[in-house]
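A.B. asks: Before we start, here is the structure in question, set down as C-alpha cells.
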Amino acid sequence: MGEQLSPDEKFQLITRNLQEVLGEERLKEILKERELKVYWGTATTGKPHVAYFVPMSKIADFLKAGCEVTILFADLHAYLDNMKAPWELLELRVQYYEQIIKAMLESIGVPLDKLKFVKGTDYQLSREYTLDVYRLSSMVTEHDAKKAGAEVVKQVEHPLLSGLLYPGLQALDEEYLKVDAQFGGVDQRKIFTLAEKYLPSLGYTKRIHMMNPMVPGLTGGKMSSSEEESKIDLLDKNQEVKKKLKRAFCEPGNVENNGVLSFVKHVLFPLHSEFIIKRDPKWGGDKVYTDYEEVDKDFAAEQIHPGDLKASVELALNKLLDPIRKKFETPELKKLTASAYPEPSKNKGGAKGNPKQTVDEEEVIPSRLDIRVGKVISVEKHPDADSLYLEKIDVGEEQPRTVVSGLVAYLSQEQLQDRLVVLLCNLKPQKMRGIESQAMLLCASIEGEPRKVEPLDPPEGSAPGDRVYVEGYESGKPDDELKPKKKVFEKLQVDLKISGKCVAQWKEQNLMTKLGHITCKTLTGGNIS
C-alpha cells in the first residue's frame, strides 16, 4: 500500500499525531531499506470503547505507509494484571476482542488481509519463551518492574508477583513477534524503556517505540474501560451515545482535557481529512474544516458552540458505530458478548421466603455509587442558615452542581475555595433550607467533643469528574439515581472507614481513582459520611 511513497513520506505518515518516538533514526534507516514491521497489543480485559479508534486510525496509517502490522491479543497479560480477566473467561474475551477489533477496522475501511492477528498464549507458553522469562527475571529488579508497570498494571497496596512479570513479558513479545517496532499509548513509555534497557542483555535487538497521546475521556481524564461514565462503548445504542456526549466535559473555549475535541483530532480527522460542524442556518449553517488546528482555534475563540460540536461528533461517531452494532446483532455474537462479559450477579436471596422480594433485586455493592472528584468553584454562607455552606462544585459536567454542606464549623471559606473534594453524585437531590443540594460532599469524621471532620482528598493530579471506585468493584455501572427507600448508600456507609494509614476504605478495600488512593489528613479510624 505504500509503494508510491518515498521513505520520508512514509516516515511522516507513520509518525503523524504521535506524541513520541524512541528510535527515530533507526526508523528512518529501515524505511530506506524495506517496509517496517510493527505490532500493537491489547490486553483482553474490559470491553473496548470508542477510544480504541485512536490506535485503529494509526494502524490504518501504518498500512498506508506499507508497514507489516501484527495485532496481539494479550490474553495472558489480561490475567497477570491483577486478574482483570478471570482465567475461565480468557478464551471468550479473546474471541470477543478479535470480533470487535476486526469490526472496528472494517468500519474505517482497513483491509483485514493486510494484518496478522496473534493470541499471546499461542507462543507465550512455549519452552523458549518461558526460559527467557526466567532469564529476564534474573536481571530485572523488583524496583524496575514495579516502576515500568506503574501506569499500566493495576496498582494495589500489596501487589501480586504476576503484575511484576507483566512488563517483562511485554518486552519479550517484541522479540518473539519478530518486529522492528512496538506501538502503544504514552502510558506504556516506562515498559518501552524497560524493554530497551534489558532486551540487549538477552542478546536481542533494541526496538523502536512509537507512542500515541492518551485521549481524554468524556469526564476529562483518561478514557478507561473500568470507568463507565468516561467512555462510550462500541455497542452503545444511539440514544446512549447522545446521553453520554451530552454529559461530556466540554466547557466553552476550553481546549484542555476535552475528550470531544480530542476525538475529532485523533480519530475523525485522520480518517476523513475533514470535519463538518453541523449548525442551524440562522447561526451560519454548516462549516467544513480541513485542518484540525482551525477547529481548535475556533473552539478556543468560542466560535464553535459545545452543543454544535457534540452534535457533529455524535453524527460522525454513529456512522462509525453503525456497522459494528449491526455485526453484533447476530445471535452468535450476542451470545459471545453475554458470555465474555456476564452481568453482575443478582441478589436472589429471600425470594422463596419473602414473596415481596424479587429475583431481580440487585446486590448492595459499592459500584452502584456514583462517586466522583469535584473542584469547589465558589463557596458562600447559606442565605438562610449560618451553619451551612452553599458551594458550586465542578464534577466534570457542563454545569457545576450546587451542594449544601455543614462544614462551616470545620473549614473557612478560603480553605474550601478551589479545593479538590470527593462527592457522591447519584443521591436523589433534596432541599436543605430551601435550596436543592445536588450531591453529597464525603468527609471523614470522628465523634466526640468537639466532633472532628475532614473532607476526603483525591490523589494528586486528579481532575473534576474522575471516577472514584472501590478496589475490586471497578467495572460495575452506578445507578442513575439511588432510590431513597432502598437505602443503598446507608447500607454501604456502615463499612466505609478510614484506615490506620488515613486511606478511605470499604470493608478494608481501598477507595481509589486511576491515580491512587482517596485519603484524609489525620482522622485514622474515622467514619465516612
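Following my numbering, the numbering of the sequence shown begins with 641 at its first residue and continues without gaps. Heads up, the beta-carbon is just placed ideally off N, CA and C, and yes, glycines get one too.
Under DSSP, the beta strand (DSSP E) around residue 1110 begins and ends at which residues?
C.D. replies: That run of the beta strand (DSSP E) goes 1107–1110.
A.B. asks: Could you give the residue range of the alpha helix (DSSP H) that holds residue 1045?
C.D. replies: Careful: residue 1045 lies outside any alpha helix (DSSP H), inside the beta strand (DSSP E) at 1041–1045.
A.B. asks: For residue 689, which beta-bridge partners are listed by DSSP?
C.D. replies: Note: residue 689 sits in a beta bridge opposite 873.
A.B. asks: Cα-Cα, which of 1008, 1146, 907, 1089 is closest to residue 1126?
C.D. replies: The option with the nearest alpha carbon to residue 1126 is 1008.
A.B. asks: Could you have a look at residue 1080 and say whether DSSP puts it in helix, strand or coil?
C.D. replies: Residue 1080: strand per DSSP, three-state reduction.
A.B. asks: Which word fits residue 680, buried or exposed, when buried means at least 16 other C-beta atoms lie within 10 angstroms of its C-beta?
C.D. replies: Buried.
A.B. asks: With a 10 Å radius around its C-beta and 16 neighbouring C-beta atoms as the bar for buried, classify residue 1019 as buried or exposed.
C.D. replies: Buried.
A.B. asks: Whole angstroms is fine: what's the gap from residue 802's alpha carbon to residue 910's?
C.D. replies: So the two alpha carbons sit approximately 37 Å from each other.
A.B. asks: Would you call residue 982 buried or exposed, if buried means 16 or more other Cβ atoms sit within 10 Å of its Cβ?
C.D. replies: Label assigned to residue 982: exposed.
A.B. asks: Count the other CB atoms within 10 Å of the CB of residue 1150; is the residue buried (16 or more) or exposed (fewer)?
C.D. replies: Per the 10 Å Cβ criterion, buried.
A.B. asks: Return the Cβ separation of residue 637 and residue 855 in integer angstroms, given the expectation that the two are a contact with Cβ distance under 8 Å.
C.D. replies: In the structure as shown, the chain starts at 641 and stops at 1169, and residue 637 therefore has no counterpart that could be examined.
A.B. asks: Residues in its own chain within less than 6 Å of residue 849 by CB, not counting five upstream and five downstream?
C.D. replies: So the qualifying residues of the chain are 662, 822, 832.
A.B. asks: Of the residues 782, 1142, 674, 839, which one's Cα is nearest the Cα of residue 1083?
C.D. replies: Answer by Cα proximity: 1142.
A.B. asks: Rounded to whole angstroms, how far is the Cβ of residue 707 from the Cβ of residue 734, which I believe are closer than 8 Å?
C.D. replies: About 24 Å; that fails the 8 Å criterion.
A.B. asks: I'd like the list of long-range same chain contacts for residue 820, defined as Cβ closer than 7 Å, with 5 residues on each side in sequence excluded.
C.D. replies: Answer for residue 820: 670, 676, 677, 678, 847, 848, listed in chain order.
A.B. asks: Please report the straight-line C-alpha distance between residue 759 and residue 719, rounded to a whole angstrom.
C.D. replies: Rounded to the nearest angstrom, the two C-alpha atoms are 13 Å apart.
A.B. asks: Does DSSP classify residue 844 as helix, strand or coil?
C.D. replies: Of the three classes helix, strand and coil, the one that applies to residue 844 here is coil, per DSSP.
A.B. asks: Grouping DSSP H, G and I as helix and E and B as strand, with all else coil, what is residue 1072?
C.D. replies: Three-state DSSP puts residue 1072 in a strand.
A.B. asks: Judging by CA-CA distance, which residue of 1062, 1117, 1107 is the nearest neighbour of residue 1095?
C.D. replies: Taking only the C-alpha atoms, the option nearest residue 1095 is 1062.
A.B. asks: Mind checking whether residue 919 and residue 948 have CB atoms under 9 Å apart?
C.D. replies: Yes. Within cutoff.
A.B. asks: Can you check whether the CB of residue 1033 is closer than 9 Å to the CB of residue 1109?
C.D. replies: No, the Cβ-Cβ distance between residue 1109 and residue 1033 is not below 9 Å.
A.B. asks: Let me make sure I understand the geometry here. Which of 1015, 932, 1078 has the alpha-carbon closest to that of residue 1060?
C.D. replies: Nearest of 1015, 932, 1078 to residue 1060, Cα basis: 1015.
A.B. asks: Go through its chain and collect everything with a Cβ distance to residue 1025's Cβ below 6 Å, but skip five positions before and after it.
C.D. replies: Within the same chain, residue 1025 has close Cβ partners 1073.
A.B. asks: In the DSSP assignment, what residue or residues form a beta bridge with residue 763?
C.D. replies: Bridge partners of residue 763: none, in fact.
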